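S.K.: The following block contains the structure, expressed as structure tokens.
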Amino acid sequence: MIVKTLLYTGVRVSELINIKLSDIDFHYCQIRINKGKGSKDRIVPFPQSFKEMLAMHADSMKKKQAVYLFESSWKKKYTDRGIRKILAKYSEEAGLIQNLSPHKLRHFLLTWLKKQGSDDR
Numbered sequence: 001m002i003v004k005t006l007l008y009t010g011v012r013v014s015e016l017i018n019i020k021l022s023d024i025d026f027h028y029c030q031i032r033i034n035k036g037k038g039s040k041d042r043i044v045p046f047p048q049s050f051k052e053m054l055a056m057h058a059d060s061m062k063k064k065q066a067v068y069l070f071e072s073s074w075k076k077k078y079t080d081r082g083i084r085k086i087l088a089k090y091s092e093e094a095g096l097i098q099n100l101s102p103h104k105l106r107h108f109l110l111t112w113l114k115k116q117g118s119d120d121r
């Protein structure tokens, strides 16, 4: 879910770890990013095709009485370093020569959007 959320939204890791369950609007398929880069708030869309999977994850987190979209079993939000370690682990398991960085996922999304004719703002 972490990889898919990074890929489908293009959020930064620092923004990802601060997404609260209450920041997600499933009706409009968007996530509110509070105090992102430069302490700015913004709205990030996600595709309709990702809505059901994200909703299922959010529901399971709500049942665990979580506040954040991604929390550890100790009821603490993940850290930037923790997310990067998770991505490094998955990169290794997938046999990738180089680690898959969150920034690469962000650029992949923005490049794909430009090819589709969408504005990256």
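With full-length UniProt numbering, letter number 73 in the sequence shown gets 73, and the count goes up by one each step, no holes.
All C-beta atoms, glycine included, are put in the ideal place defined by N, C-alpha and C.
Please read these numbers as outputs of a predicted model, since none were measured by experiment.
#1: Rounding to the nearest angstrom, what Cα-Cα distance links E92 and K51 in this structure?
#2: With respect to the alpha helix (DSSP H) encompassing I33, which residues constitute its N-terminal and C-terminal limits?
#3: Is Q65 near F46, with beta carbons less than 8 angstroms apart?
#4: Can you pull the DSSP bridge partners for K64?
#5: Distance, Cα to Cα, A55 vs S72?
M.R.: Taking the coordinates as given:
#1: Against the sequence shown, residue 92 aligns to sequence position 92. Against the sequence shown, residue 51 aligns to sequence position 51. Distance between the alpha carbons of E92 and K51 is about 28 angstroms.
#2: For the purposes of this step, residue 33 is taken as residue 33 along the sequence shown, with counting starting at 1. Not the alpha helix (DSSP H): I33 falls in the beta strand (DSSP E), residues Q30 to I33.
#3: Here residue 65 is taken as the residue at index 65 of the sequence shown, counted from 1. Here residue 46 is taken as the residue at index 46 of the sequence shown, counted from 1. Cβ distance not < 8 angstroms, so Q65 and F46 don't count as in contact.
#4: Within the sequence shown, residue 64 is the residue found at index 64, counting from 1. DSSP lists no partner for K64.
#5: The sequence position of residue 55 within the sequence shown is 55, counting from 1. The sequence position of residue 72 within the sequence shown is 72, counting from 1. One alpha carbon belongs to A55, the other to S72, and they sit about 18 angstroms apart.
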